[in-house]
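These notes concern the structure reproduced below.
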Amino acid sequence: MSFIVPEDIERYAEAHTTQPSELLRRLADETRETLRAPQMLTGTIEGRFLATVVAATGARRGLELGTYSGYSAISMAAALPPGGHIDTCEVDEEHAAVARRYIDEAGFGDRITIHLGPALETIELLEGEFDFVFIDADKVTYVAYYEALLPRLAERGLMAIDNTLWSGRVVQPDDDESTRAIVEFNDHVAADPRVVAVVLTVRDGITLVRRR
């Protein structure tokens, strides 16, 4: 996967972003060395971005769709206020096991709950509203995730959706199912009168959504 910003600028931005903890560096190394699709790793820039958004909004309750190896969940949990909590959804047992190990090592077992299984089913089981939602799961279900969670977003809550520029393929859509799904999602959000949205050129594109 290539990202939107040229590689040299991406490296510069990463070098001038507050560096991750030693634990997150080890997590990133293990992810790249042992797990499938290491390009899904959140990484320094996006990890700090998510943590900054959580801290700036004062979010107390978060929901993540797509735990992968736990980098983003740990990054966000570190920025939670006392008593804050993140529910994170993952369908792959191997990914969840790595995430759980690092979450426990970080001392965040009381701040992060991993739910193993389809995210839409988990959403139905969870009650109440969310201050912050991060969607980074299977692209073909993005519209369904969005529609399930928008009514559950707190009045001043914020939703962040990853990969919405899809390596630039959104401007020249092809027959790939995920590409078509991202294009459909972007059009859906842009036409939604219920929200205000902004697409950011961070890594592979992040869309921020709030309710009007």
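Residue numbers for the sequence shown follow my numbering, beginning at -11 and rising by one.
We treat Cβ as the ideally placed atom computed from N, Cα and C, and that holds for glycine.
Keep in mind that this is a model prediction, so the values were computed, not measured.
Asked, Found
"Selected residue, minimal CA-CA separation from Val86, among Val177, Glu18 and Val128", "Glu18"
"CB of Thr55 within 8 Å of CB of Ala61, strictly", "yes"
"Nonlocal neighbours in the same chain, by C-beta distance under 6 Å from Val121, ignoring five residues either side", "Leu51, Leu137 and Met147"
"Paired residues, beta bridge with Gly50 - DSSP", "Ile74 and Phe120"
"Straight-line gap, Val128 to His4 (C-alpha atoms, nearest Å)", "34 Å"
"Asp162, buried or exposed, once every other Cβ within 10 Å from all chains shown has been counted against 16", "exposed"
"Short Cβ contact (8 Å threshold) for Val(-7) with Thr189", "yes"
"Completely contained alpha helix (DSSP H) runs for the region 121 to 195, where each covers 4 or more residues", "130 to 137 and 165 to 178"
"For Ile102, the residue or residues it bridges with in DSSP", "Thr76"
"Residues of its chain near Asp(-4), where Cβ-Cβ distance is below 7 Å and the 5 sequence neighbours each way are ignored", "none"
"DSSP beta-bridge partners of Arg36", "Its beta-bridge partners do not exist; DSSP assigns none."
"Pairwise C-alpha distance: Ile102 and Val131", "22 Å"
"Helix, strand or coil at Val86 according to DSSP, with G and I counted as helix", "helix"
"Other residues of its chain near Ala43: CB distance less than 6 Å, five sequence neighbours each side excluded", "Ala67"
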